[in-house]
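See structure below.
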Amino acid sequence: MAWEVGLLALLSTLIYPGIIFLVVIALFYQWVDRRFYAKLQNRYGPIYTGPRGILQPVADLIKLLAKEDIEPSAVDKQIFRAVPVLILTMPLTALFMIPITGTWALASFEGDLIFIIFLMTLIAILAFLGGWSSTNIFSTLGGMRAALQALGYEVPMAVSFMGPAILAGSLSVSKIVQWQASHGLWAILLNPLGFGIVIVAFLAELERIPFDIPEAETEIVAGWQTEFSGRKLALIRLALDLELVLASGLVTALFLGGPTGPIPIIPGIAWFMIKTLVLVLIFSNLRALFARFRIDQMVSGSWKYLVPLSILQIVMLELLLGWLSF
Amino acid sequence: MNLVKWSRIKSPWVFHFNAGGCNGCDIEILASLMPRYDIERFGMILRGSPRHADVMLVTGTVTRQIYPRLRRIYDQIPDPKFTLALGSCACSGGVFQQCYNVHEGADKAIPVDVYVPGCPPRPQAIIDGAVKLLQKISKS
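Top to bottom, those sequences are chains A and B. Residue numbering for the first sequence is 283 to 608, as defined by this note's numbering. Residue numbering for the second sequence is 5 to 144, as defined by this note's numbering.
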């Protein structure tokens with residue numbers, strides 16, 4: 283029946299594992315991140331909103347959606363209105379190409395890894411555009427820093443993504459997951475260095491604390507988000523939460539075997555949740571551990587250390603593959 | 005209770021404005037964010053930009069120089085917005101009352117919802133004032 287297949291595709295795009303499911307786990311991971319970050323600082327974090335504070339991100343979202351939406355008269359109106367919507371669609375689109383329930387993603391084609399890298403670059407460019415269109419000095423500075431930072435982390439991240447792709451002989455995320463499942467081997471075992479580089483690069487992509495240079499609160503108010511208020515800010519915050527899911531989901535798929543595991547009874551979605559939660563905890567642990575770098579330290583450091591290390595990782599992987607004669 | 009009001013009570017984001025104070029109140033605000041009192045329990049986060057905030061914390065006697073800036077920053081906060089005057093200076097001018105260079109208190113410049121006296125107020129007093137503000141929001 284053709285219409286049943288169509289209905290199933292529609293439901294899986296909209297509800298599970300599509301948009302609604304992704305938004306729910308994005309809000310849940312924001313709560314996990316805030317609680318764990320607070321625990322590391324000897325605080326409690328949000329505890330009074332719903333059971334154990336689990337509804338805190340929902341309350342934040344509803345409050346921002348219901349607030350007044352100010353558009354300063356000097357902003358570039360079209361870009362200023364388009365940026366929050368576009369920045370929300372980017373991580374959602376990229377998440378459709380990441381396997382969540384089984385070894386197949388909702389949308390998968392040869393080369394979708396490259397497409398995901400492209401979408402993640404677009405997020406940085408949209409941050410720059412958002413800062414630029416605000417015409418506020420702090421926003422402009424933050425947007426400039428977001429674009430500069432992207433020049434630093436994009437290259438080592440893309441090179442490190444090629445490690446699992448070389449292993450699987452494919453540029454499709456779903457096929458990389460299937461290769462790991464069929465060989466019973468996680469790509470992190472052959473790419474430990476690449477895994478570390480990707481974690482560092484994603485800290486910069488997510489604008490988390492060692493690399494929260496584009497929204498450095500003590501220097502430039504709130505960076506490129508300074509002028510956004512009300513529902514525009516709500517969409518931007520939701521987009522950043524979805525980006526956290528995207529980052530942990532992509533690292534899970536490429537390096538940790540995706541939604542498969544050694545015990546076959548546990549369903550794929552549970553493996554996905556376990557692995558991404560561990561990654562979220564790693565991200566928030568690093569956030570609590572470090573202080574902010576300067577923008578020049580970040581860019582020169584990533585070109586001096588991360589890029590050579592990621593190339594070294596590829597060379598080591600090729601030598602290892604030749605030695606093992608895979 | 006209606007959903008929007010619930011979300012407003014549960015996530016009041018704070019913007020802190022020093023209108024010419026001595027930094028005593030500001031250090032007490034920091035103390036109430038720190039592990040011992042931790043007002044993030046109630047969902048309050050200190051935001052850097054007035055565009056993101058719901059509640060404005062005003063400390064310090066409002067000097068003539070800061071007066072127009074205080075008005076402008078207050079106008080930049082999107083509605084609905086609330087104000088908390090923190091410390092004796094922001095409540096009434098404190099020891100600087102009747103000085104040539106001060107407007108006596110934050111309520112001469114902007115509408116104030118809750119006054120927290122003290123020089124400086126303890127973090128417990130700040131949390132008490134915040135809870136009173138949340139009660140006021142829930143009754144409105």
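Quick reminder that beta carbons are idealized off the backbone N, C-alpha and C, glycines included. Here the structure is a predicted model, which is why all the values come from computation and not from measurement.
Would a check of beta-carbon distances place residue i closer than 8 Å to chain A?
i, result
"H56 of chain B", "yes"
"R157 of chain B", "Here chain B comprises residues numbered 5 to 144, so residue 157 of chain B is not present and cannot be evaluated."
"E32 of chain B", "no"
"L7 of chain B", "yes"
"D83 of chain B", "yes"
"K140 of chain B", "no"
"D42 of chain B", "yes"
"S144 of chain B", "no"
"S53 of chain B", "yes"
"G47 of chain B", "yes"
"A12 of chain B", "This sequence places Arg at residue 12 of chain B; Ala is not what is there. Yes, R12 of chain B lies at the interface with chain A (some Cβ there is under 8 Å from its Cβ)."
"P39 of chain B", "yes"
"S36 of chain B", "no"
"S15 of chain B", "yes"
I need the DSSP call for residue i, collapsed to helix, strand or coil.
i, result
"T387 of chain A", "For clarity, residue 387 of chain A is Ala in the given sequence; the question names Thr instead. Looking at A387 of chain A - three-state DSSP - the assignment turns out to be coil, as it is neither helix nor strand."
"A89 of chain B", "strand"
"F572 of chain A", "coil"
"Y330 of chain A", "coil"
"T542 of chain A", "coil"
"N6 of chain B", "coil"
"T558 of chain A", "helix"
"T67 of chain B", "strand"
"V503 of chain A", "coil"
"Y119 of chain B", "strand"
Chain B beta carbons: is any one of them nearer than 8 Å to that of residue i?
i, result
"R513 of chain A", "no"
"R325 of chain A", "yes"
"I329 of chain A", "yes"
"Q579 of chain A", "no"
"F572 of chain A", "no"
"T508 of chain A", "yes"
"E392 of chain A", "no"
"Q338 of chain A", "yes"
"V305 of chain A", "no"
"I382 of chain A", "no"
"A516 of chain A", "no"
"D342 of chain A", "yes"
"I495 of chain A", "no"
"V503 of chain A", "yes"
"D351 of chain A", "yes"
"A308 of chain A", "no"
"E499 of chain A", "yes"
Whole angstroms is fine: what's the gap from residue i's alpha carbon to residue j's?
i, j, result
"L74 of chain B", "I114 of chain B", "8 Å"
"Q431 of chain A", "V581 of chain A", "6 Å"
"P333 of chain A", "S144 of chain B", "25 Å"
"T149 of chain B", "L370 of chain A", "Lying before the first or after the last residue shown, residue 149 of chain B is absent from chain B, which here runs from 5 to 144."
"A573 of chain A", "M426 of chain A", "21 Å"
"N105 of chain B", "V66 of chain B", "9 Å"
"A429 of chain A", "V365 of chain A", "15 Å"
"L467 of chain A", "W461 of chain A", "8 Å"
"C93 of chain B", "M48 of chain B", "24 Å"
"L343 of chain A", "D523 of chain A", "11 Å"
"G543 of chain A", "S464 of chain A", "11 Å"
"R569 of chain A", "R490 of chain A", "6 Å"
"R40 of chain B", "A409 of chain A", "36 Å"
"A57 of chain B", "S355 of chain A", "20 Å"
"T534 of chain A", "S607 of chain A", "26 Å"
"L594 of chain A", "G478 of chain A", "13 Å"
"F510 of chain A", "L138 of chain B", "25 Å"
"C26 of chain B", "K140 of chain B", "29 Å"
"A227 of chain A", "S294 of chain A", "Because chain A here runs from 283 to 608, residue 227 of chain A falls outside it and cannot be looked at."
"G109 of chain B", "E32 of chain B", "19 Å"
"S1 of chain B", "C29 of chain B", "Chain B is shown from 5 up to 144; residue 1 of chain B falls before or after that span and cannot be answered."
Enumerated in chain order, which unbroken segments of the alpha helix (DSSP H) with a length of 4 residues or greater are wholly contained in the region 294-376 of chain A? The region 294-376 of chain A contains these whole alpha helix (DSSP H) runs: 301-322, 338-348.
Would the region 586-606 of chain A count as touching the region 123-135 of chain B if we require 3 or more Cβ pairs under 8 Å? No, the region 586-606 of chain A is not in contact with the region 123-135 of chain B.
Mind the definition here: the region 10-22 of chain B touches the region 299-317 of chain A only if three or more C-beta pairs lie below 8 Å; say whether that holds. Short answer: they don't touch.
Could you check whether the region 431-444 of chain A touches the region 588-595 of chain A, counting it as contact only if at least three pairs of C-beta atoms, one from each stretch, sit closer than 8 Å? By the Cβ test, the region 431-444 of chain A is in contact with the region 588-595 of chain A, since at least three Cβ pairs between them sit closer than 8 Å.
So within the region 8-64 of chain B, which uninterrupted alpha helix (DSSP H) runs reach at least 4 residues, ignoring any that extend past its ends? Fully enclosed alpha helix (DSSP H) runs of 4 or longer: 28-37.
Pair every Cβ in the region 559-569 of chain A with every Cβ in the region 498-506 of chain A, then say whether three or more of these pairs are closer than 8 Å. As far as the Cβ criterion goes, the region 559-569 of chain A does not touch the region 498-506 of chain A, which means the pair count is below three.
Take every Cβ of the region 514-530 of chain A, pair it with every Cβ of the region 538-553 of chain A, and state whether three or more of those distances are shorter than 8 Å. Contact between the region 514-530 of chain A and the region 538-553 of chain A is not established, with fewer than three Cβ pairs separated by less than 8 Å.
Residue ranges of each alpha helix (DSSP H) run of no fewer than 4 residues wholly in the region 430-497 of chain A, ordered along the chain? The qualifying runs are 455-465, 474-487.
How do the region 411-423 of chain A and the region 351-364 of chain A stand: do at least 3 beta-carbon pairs fall below 8 Å, yes or no? Cβ pair count under 8 Å is three or more, so yes.
Between the region 129-138 of chain B and the region 43-57 of chain B, can you find at least three pairs of beta-carbon atoms closer than 8 Å? Between the region 43-57 of chain B and the region 129-138 of chain B there are three or more C-beta pairs closer than 8 Å, enough to call the two in contact.
Alpha helix (DSSP H) segments (min. 4 residues) lying fully within the region 511-541 of chain A: Assignment of alpha helix (DSSP H) within the region 511-541 of chain A, counting only whole runs of 4 or more residues, yields 512-537 in chain order.
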